[in-house]
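Working notes, beginning with the structure itself.
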Amino acid sequence: MAASKKPHLLIVEARFYDGLADALLEGAKAALDEAGATYDVVTVPGALEIPAVITFALVGAEEGGTDYDGFVALGTVIRGDTYHFDIVANESSRALMDLAVEGSLAIGNGILTTENDEQAWVRARRSEGDKGGFAARAALTMIALRERLGA
Numbered sequence: 017m018a019a020s021k022k023p024h025l026l027i028v029e030a031r032f033y034d035g036l037a038d039a040l041l042e043g044a045k046a047a048l049d050e051a052g053a054t055y056d057v058v059t060v061p062g063a064l065e066i067p068a069v070i071t072f073a074l075v076g077a078e079e080g081g082t083d084y085d086g087f088v089a090l091g092t093v094i095r096g097d098t099y100h101f102d103i104v105a106n107e108s109s110r111a112l113m114d115l116a117v118e119g120s121l122a123i124g125n126g127i128l129t130t131e132n133d134e135q136a137w138v139r140a141r142r143s144e145g146d147k148g149g150f151a152a153r154a155a156l157t158m159i160a161l162r163e164r165l166g167a
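Be aware that the sequence shown starts at 17, since it is given in my numbering, and climbs by one per residue.
What follows is the structure, encoded as structure tokens:
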């Protein structure tokens with residue numbers, strides 16, 4: 017990405033919890049708008065699907081599709097009564113880290129992993145934790161660092 021070019025990102029949002037997804041997306045969009053970045057948004061059912069969609073975007077770019085400078089992953093995983101929480105929380109995070117490290121990708125991870133709804137809302141609201149905005153700013157920082165370091 018040329019220094020004068022504004023970054024273009026893909027926001028991948030999991031809509032399993034619609035209200036929380038809206039709050040995270042609001043924060044991410046506000047942060048990217050403030051930075052002058054452009055973005056596209058795609059929706060997936062849950063957090064486990066986010067890494068696959070980032071991979072789809074990478075393959076699409078190789079085939080002449082949009083070449084994104086970075087990615088913002090948004091979603092919420094709330095602990096329930098089964099082991100499923102651990103699988104979704106761990107595997108979605110691991111897959112994002114694998115993509116970032118192996119592909120030198122700038123990914124802001126805004127997937128919340130909480131014990132309950134209250135914790136999730138405190139982290140999702142722009143007026144409180146603003147984790148959507150934090151993830152977007154993290155992606156922008158990683159784009160700048162990747163460029164600065166020549167990766």
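Where a beta carbon is used, it is the ideal one built from N, C-alpha and C, also for glycine.
Scanning the stretch 69-123 for uninterrupted beta strand (DSSP E) segments of 3 residues or longer gives 86-94, listed from N- to C-terminal end.
T157 is classed as exposed because its beta carbon has fewer than 16 other beta carbons within 10 Å across all chains shown. For the options F32, G124, L161, the alpha carbon positioned closest to that of A154 is the one of G124. Between the stretch 136-152 and the stretch 103-119, the count of Cβ pairs shorter than 8 Å is below three; the stretches do not touch. Boundaries of the beta strand (DSSP E) harbouring L26: 24-30, taken from the DSSP string. Apart from sequence neighbours up to five positions away, the residues of its chain that approach A47 with a beta-carbon distance below 6 Å are G149, A152, R153, ordered along the chain. Judged by pairs of C-beta atoms under 8 Å, the stretch 111-124 touches the stretch 63-78, as three or more such pairs exist.
Straight-line measurement puts the Cα of G76 at about 25 Å from the Cα of F32. For T129, the beta-bridge partners assigned by DSSP are V93. Beta-bridge pairing by DSSP links Y55 to L25. Nearest neighbour of E134 by Cα position, chosen from Y55, L90, R95, turns out to be R95. Of the candidates D34, T130, I66, I66 places its Cα closest to the Cα of D114.
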